[in-house]
Amino acid sequence: MTASAAPVLPFRDPRLPVDRRIDDLLGRLTLEEKFSFLHQFAPAVERLGVAAFRTGQEALHGVAWMGPATVFPQAVGLGATWNAELVRRVGEAVSKEARAMRARDERVGLNVWAPTVNLLRHPLWGRGEEGYSEDPGLTSVLATAYTRGLRGDHPVYWRTAPVLKHWLAHNNETRRDTTSSSVRPRVLHEYDLRAFRDTVRAGAVAGVMPAYNLVNGRPNHVSPYLAEHLRRWTDQELLVCSDAGAPSNLVETEHYFATHEEATAAALKAGVDSFTDHGTDASPTVERVRAAHARGLVTETDIDTAVRRQLSVRFRLGEFDGYEDPGAFDTPEHRDLARESAEQAIVLLRNDGLLPLAAGTRIAVAGLLADECKLDWYSGTLLHRSTPLEGLYERFGADRVEFAEGVDRVRLRTSVGAFLRVPAADDVPERARGAEGALDPALLAGRTDLPPLTTDAEGSELALVDWGEGVLTLRAPDGRYVSVAEDGYLRASADQPGGWIVQETFRLEPHGEGHLLRHLGTGRPVTVAADGVKVAEEDPEVFEVIVTERGEDAVARAAASADVVVLVAGNDPHINGRETQDRTTLRLPAHQERLLRAALDANPRTVLALVSSYPYALDARRLPAVLWTAHGGQAAGTALARVLAGDVSPAGRLPQTWYADDADLPGLLDYDVIGSRQTYLYFEGTPLFPFGHGLSYAAFAYGGLRTHLGSGTLRVAFSVTNTSDRTADEVAQLYTRAVEPSVPRPRRELLAHARLTLGPGETREVTFDVPLSAFAFWDVALGRWRREPGPHDLLIGASSEDVRLRTTLDLDGEPPVPHPVRERGLEAADFDEQSGAEIVDRTKTSGDALTPATPGKAAELLYRACDFGAAGVREVTAEVAGAGRLEISVDGGPPLAVIEADGADPYAWTRLTAGCAAAGIHDLRLTLRGGLRLARLDFTG
-3 MTASAAPVLP FRDPRLPVDR RIDDLLGRLT LEEKFSFLHQ FAPAVERLGV AAFRTGQEAL
57 HGVAWMGPAT VFPQAVGLGA TWNAELVRRV GEAVSKEARA MRARDERVGL NVWAPTVNLL
117 RHPLWGRGEE GYSEDPGLTS VLATAYTRGL RGDHPVYWRT APVLKHWLAH NNETRRDTTS
177 SSVRPRVLHE YDLRAFRDTV RAGAVAGVMP AYNLVNGRPN HVSPYLAEHL RRWTDQELLV
237 CSDAGAPSNL VETEHYFATH EEATAAALKA GVDSFTDHGT DASPTVERVR AAHARGLVTE
297 TDIDTAVRRQ LSVRFRLGEF DGYEDPGAFD TPEHRDLARE SAEQAIVLLR NDGLLPLAAG
357 TRIAVAGLLA DECKLDWYSG TLLHRSTPLE GLYERFGADR VEFAEGVDRV RLRTSVGAFL
417 RVPAADDVPE RARGAEGALD PALLAGRTDL PPLTTDAEGS ELALVDWGEG VLTLRAPDGR
477 YVSVAEDGYL RASADQPGGW IVQETFRLEP HGEGHLLRHL GTGRPVTVAA DGVKVAEEDP
537 EVFEVIVTER GEDAVARAAA SADVVVLVAG NDPHINGRET QDRTTLRLPA HQERLLRAAL
597 DANPRTVLAL VSSYPYALDA RRLPAVLWTA HGGQAAGTAL ARVLAGDVSP AGRLPQTWYA
657 DDADLPGLLD YDVIGSRQTY LYFEGTPLFP FGHGLSYAAF AYGGLRTHLG SGTLRVAFSV
717 TNTSDRTADE VAQLYTRAVE PSVPRPRREL LAHARLTLGP GETREVTFDV PLSAFAFWDV
777 ALGRWRREPG PHDLLIGASS EDVRLRTTLD LDGEPPVPHP VRERGLEAAD FDEQSGAEIV
837 DRTKTSGDAL TPATPGKAAE LLYRACDFGA AGVREVTAEV AGAGRLEISV DGGPPLAVIE
897 ADGADPYAWT RLTAGCAAAG IHDLRLTLRG GLRLARLDFT G
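The opening residue of the sequence shown carries number -3 in this note's numbering; numbering runs sequentially from there.
Laid out in structure tokens, this is it:
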């Protein structure tokens, strides 16, 4: 006789509905096991054969942090391609590499935290490299494509499970865990929610990650919008994963809750399902959940809801069915795709005919980025590497290319006359940062297996680069950067600047007859000790900087003897503009401006190639050609050389406005894109380069515009013809604007686009089907979307400003109605205009209120066309908290009512009534003074 096989537990039976299988597994878990599943690192349940699971694998433009992987262009570079199908293919390649890497390293996760759909509202945001565009529609199109690639095409199982980052209205690193983004309803619905909404509705999203910041006074990790909006956009379960350390921030930096138990309970009830906190140590989170449950702050049902969402993702990944996708790693197809995406990301900003470069051209390649292939915080380790210099060597021949990096070459002399020296390190193996992979690369230690710097009579010549604002790097003659490890000693040990806290940056501070050399990672000055050079507060060394060669002199020599100069400028993604650090200016760093002037003075035939994570403001009038590309990944140099040579005609388009000056920018923390006229949607000035801009080596003609208005869709058709003798891509763009809007509307708004490849003389018909809902806006008087009747321009062309075809259509819709203040009252946040006000939280769970943004200054709120009824009103009742004064007037007249409040608790709401006589339709103006918070007004007859 043979023993019968053990019965298959229902949760492992693929014949059963998934919901039933999840219920079965959930029912088998103990309460303590369910507590443990709420942490990022969920442990194994061996008695059920359930493996350990972690949420979160960075995969923004390749598998990150886990060692070598294919590195694609930064997300903002993928945004510049304006090519959804290409971005989908990149997502597919990343998901295949994640599966292949996991097969040999179980640390690699399949719940990927990508893409980032935060809008590039402000060009000084330090993490602009992570987003796709300032436009919510373009962002959503590309994010949807990337998530579909990450999800894979299996009808049942997902190759990876993508999580969108970072919910919501998150565009500042400055005090990012304590600042509140004041987001009025129109901006919320028309701008910030839109990119998330359309991407989630597309169906390839497994979850979202809340951002560190607050919105309208309430931390995103307890946002009511998770339930009110996010979970209503789809029938699929969505897993909400906290950002790292954010649950603790609710108490420790934001002081929003008194205890961690209260904070954890509030986040769980708001919809956070997985807590990323304390690294791999789940015990603090588990203890907080246990204590919250014991106090009755959460129920087992609340916990079950969160665990169910995690299990839903695991079932989709095929974990309980033994599903294995072998993936693919570093294939020829992935290498070709990395090159293709880098080529498509290049934007030609200006060209007076200098490009493309003719065969045989003698080229001087110069600049701090000319021989670099930079990575960012969310990159994998390079498997392959191509710098602009290497690409030009390969394309034009090394004998036709001369190189001048443009670093300042210096020696640092001590107060006793000795010089800093880099000791030889002949037998020490090379080691690239992060090559071994790490669950948290912030914990990677610096190298201590190399000898510390010393001093002697001759010293070493160091390559000094000023990356802006006095932030310096020093590079040894062997190419390694001077760094500081945990023991405090200076060593030439880093292949590149990097790390969560960069240990390779310094500042020279004037001191007496010389300079202190301050290490920025530790904040300590450099001192010379008997056993080596180190950082310490005691006995700081005073250095004299001896410049042996200025960078601009080397650039000028090379430029003078060349036919053309290619100056490669830009940023290091780990310095001055990165996660945790916003930029302070649009200008190029002064060091690089010096190099550009030197090149132009020596040779006016200078091409400026900007390789950067973000836009710059510069004077381009002297420059015959300017290109921009984001850091383009492993094939960046080859791609740039092929574009310069004309092997590929550039067709990238700017995904965000390039402003001409810092003075054009609103405040970094001003999130009201409508009121402060931000982005191409509302900006009324003259940009340096507009949204959607990008030139070509080819020429294109547009014609044959036709429109057809259906019951719910507008069809727009036209033709594009390549009138040149070369094959090239064109990006045709369709915009609209309301001609006679009743409220401020975008001066341009992208409706659709298409990237086309056209051969010489080829004509292509382009058709866009635009839902009429795309012409609607959020009407605060109605509290819903409304399409306004009247004329709407349709603008078709090669950028938001390069319009080739136009027509005007009369659309039907709903006419504007006044705020029905007598019938329904007035929510304070439903203003039409404001000055000096900010939106804050009415309670810690829901609701908005208004208060003056600056202590001691009044806030003004304007509500246009308020209907007080034919019979009029006699009283107004204000829902207020705090202490201060409310003044109510109409049409700019004297106050009709004044309400004084003397509360001490900003959450202790009271209703105060005053006489207020008004009838008919008037503009209502409110003035808030002191610490008053206003939530709502109600009027009675």
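Glycine included, each C-beta is placed from N, C-alpha and C at the ideal position.
query: Tell me, which residues are paired with V543 by DSSP?
result: What you label residue 543 is simply residue 547 of the sequence shown in a count that begins at 1. Answer is V406, bridged to V543.
field: Which residues DSSP lists as bridging F271, in chain order
entry: Here residue 271 refers to the residue found at position 275 when the sequence shown is read from its first residue. F271 is bridged to H35.
task: Throw me the rounded Cβ distance for the T909 and E871 pair, which I believe falls under 8 Å.
output: As a first step, residue 909 is located in the sequence shown; it is residue number 913 there, counting from the start. As a first step, residue 871 is located in the sequence shown; it is residue number 875 there, counting from the start. Sure, about 6 Å apart at Cβ, within 8 Å.
- prompt: Can you tell which of F539, L22, L661 and E875 has the C-alpha that lies nearest to the C-alpha of V406?
  reply: By one-based count along the sequence shown, residue 406 stands at place 410. The shortest C-alpha separation from V406 is found at F539.
message: Measuring straight from C-alpha to C-alpha, what distance separates G916 and V869?
response: Here the question's residue 916 lines up with position 920 in the sequence shown. Here the question's residue 869 lines up with position 873 in the sequence shown. For G916 and V869, the distance between alpha carbons rounds to 9 Å.
- prompt: Are three or more beta carbon pairs between the stretch 471 to 486 and the stretch 448 to 460 nearer than 8 Å?
  reply: For the pair of segments examined, the stretch 471 to 486 was found to touch the stretch 448 to 460: the number of CB pairs separated by less than 8 Å reaches three.
- prompt: Per DSSP, which one or two residues make a beta bridge with A254?
  reply: As a first step, residue 254 is located in the sequence shown; it is residue number 258 there, counting from the start. When beta bridges are read from the DSSP output, A254 appears opposite no residue.
A750 to A266 span [Cα, whole Å]: Translated into positions along the sequence shown, residue 750 becomes position 754. Translated into positions along the sequence shown, residue 266 becomes position 270. Going from the Cα of A750 to the Cα of A266 covers about 39 Å.
task: Would you give the residue range spanned by the beta strand (DSSP E) that K161 belongs to?
output: The residue labelled residue 161 in the question sits at position 165 within the sequence shown. It spans A157 to W163 - the beta strand (DSSP E) in which K161 sits, taken as one unbroken run.
task: Would you kindly report the start and end of the unbroken alpha helix (DSSP H) that includes E726?
output: Here residue 726 corresponds to residue number 730 of the sequence shown, with the count starting at 1. It is not in any alpha helix (DSSP H) - E726 instead sits in the beta strand (DSSP E) that spans A724 to A734.
- request: Within the stretch 874 to 930, note down every full beta strand (DSSP E) run reaching 3 residues or more, in order along the chain.
  value: Within the stretch 874 to 930, the complete beta strand (DSSP E) runs of at least 3 residues are 879 to 886, 893 to 898, 906 to 914 and 917 to 926.
query: Quick check: the stretch 58 to 72 against the stretch 369 to 386, are there 3 or more CB pairs under 8 Å?
result: yes
- prompt: Is R800 near A931, with beta carbons less than 8 Å apart?
  reply: If you number the sequence shown from 1, residue 800 lands on position 804. If you number the sequence shown from 1, residue 931 lands on position 935. Not closer than 8 Å, so no.
message: What does the Cβ neighbour count give for L623, buried or exposed, with the cut at 16 atoms within 10 Å?
response: The count along the sequence shown starts at 1 and reaches residue 623 at position 627. Answer is buried; the Cβ neighbour count reaches 16.
query: Among the residues of its own chain, which have a CB less than 6 Å from the CB of H166, if the five just before and after it don't count?
result: Sequence index remark: in the sequence shown, residue 166 carries index 170 (1-based). These residues qualify, in order along the chain: N114, A207 and N209.
- prompt: Should T753 go down as buried or exposed, given a rule of 16 or more other Cβ atoms within 10 Å for buried?
  reply: Along the sequence shown, read from residue 1 onward, the residue named residue 753 stands at position 757. Its Cβ having fewer than 16 others within 10 Å, T753 is exposed.
message: Can you find the residues in the same chain that come closer than 6 Å, C-beta to C-beta, to A555, ignoring five residues on each side of it along the sequence?
response: Counted from its first residue, the sequence shown places residue 555 at position 559. Hits under 6 Å: A360, V561, A595, A598 and N599.
- prompt: Could you give the distance in angstroms between the alpha-carbon of T(-2) and the alpha-carbon of D317?
  reply: Along the sequence shown, one-based indexing puts residue -2 at 2. Along the sequence shown, one-based indexing puts residue 317 at 321. Its pLDDT being 49, under 50, T(-2) is placed unreliably in this model, and the coordinates cannot settle the point.
task: Just the C-alpha distance for G843 and Y610, rounded to the nearest angstrom, thanks.
output: In the sequence shown, residue 843 corresponds to position 847, counting from 1. In the sequence shown, residue 610 corresponds to position 614, counting from 1. Approximately 35 Å between the Cα atoms of the pair.
- prompt: Count the other CB atoms within 10 Å of the CB of R938; is the residue buried (16 or more) or exposed (fewer)?
  reply: Nothing can be reported for residue 938: it is not among the residues displayed for the chain, which extend from -3 to 937.
- request: Identify every run of the alpha helix (DSSP H) within the stretch 658 to 702, keeping only runs that are complete inside it and at least 4 residues long; order them along the chain.
  value: 675 to 678
Extent of the continuous alpha helix (DSSP H) run through S279: Sequence index remark: in the sequence shown, residue 279 carries index 283 (1-based). Here the alpha helix (DSSP H) through S279 covers S279 to A290.
- prompt: So the beta strand (DSSP E) N718 belongs to, where does it begin and stop?
  reply: In the sequence shown, counting from the first residue as 1, residue 718 sits at position 722. Counting along the chain, the beta strand (DSSP E) containing N718 begins and ends at T709 to N718.
query: For the 8 Å Cβ check, are there 3 or more pairs between the stretch 324 to 339 and the stretch 453 to 463?
result: no
message: What does the alpha-carbon distance come out to for the pair I895 and C862?
response: Here the question's residue 895 lines up with position 899 in the sequence shown. Here the question's residue 862 lines up with position 866 in the sequence shown. Taking the straight line from one Cα to the other gives about 20 Å.
Euclidean distance between Cα positions of N216 and L164: On the sequence shown, position 220 is the one that residue 216 refers to. On the sequence shown, position 168 is the one that residue 164 refers to. So the two alpha carbons sit approximately 7 Å from each other.
field: Given R783 as reference, the closest of G793, I792, L807 and S796 once Cα atoms are compared
entry: As a working note, residue 783 is residue 787 in the sequence shown. Looking at the Cα atoms, L807 is the closest of the given residues.
query: On the three-state DSSP scale, how would you describe H185?
result: On the sequence shown, position 189 is the one that residue 185 refers to. Here H185 sits in helix by DSSP.
task: Determine the contact status of V159 and V196, defining contact as a CB-CB distance below 8 Å.
output: Against the sequence shown, residue 159 aligns to sequence position 163. Against the sequence shown, residue 196 aligns to sequence position 200. Against a cut-off of 8 Å, the Cβ pair of V196 and V159 comes out as no contact.
- request: Under the assumption that V294 contacts G648 (Cβ atoms under 8 Å), give the Cβ distance between them as a whole number of angstroms.
  value: In the sequence shown, residue 294 corresponds to position 298, counting from 1. In the sequence shown, residue 648 corresponds to position 652, counting from 1. About 49 Å separates the two Cβ atoms, so there is no contact after all.
- request: Evaluate the contact criterion for the stretch 349 to 356 versus the stretch 569 to 578: three or more CB pairs, one atom per stretch, below 8 Å.
  value: no
Alpha carbon of A849 to alpha carbon of E169, nearest angstrom: As a working note, residue 849 is residue 853 in the sequence shown. As a working note, residue 169 is residue 173 in the sequence shown. Answer to the nearest angstrom: the Cα atoms are 20 Å apart.
message: Short of 6 Å in beta carbon distance, which residues of its chain neighbour D887, apart from the five on each side in sequence? Order them along the chain.
response: Here the question's residue 887 lines up with position 891 in the sequence shown. These residues qualify, in order along the chain: H918 and D919.
message: Please state the DSSP three-state secondary structure of S489.
response: Within the sequence shown, residue 489 is the residue found at index 493, counting from 1. DSSP places S489 in strand when its eight states are reduced to three.
- request: Give the straight-line distance between the Cα atoms of A616 and P352, rounded to the nearest whole angstrom.
  value: Counting from 1 along the sequence shown, the entry for residue 616 is found at position 620. Counting from 1 along the sequence shown, the entry for residue 352 is found at position 356. Taking the straight line from one Cα to the other gives about 18 Å.
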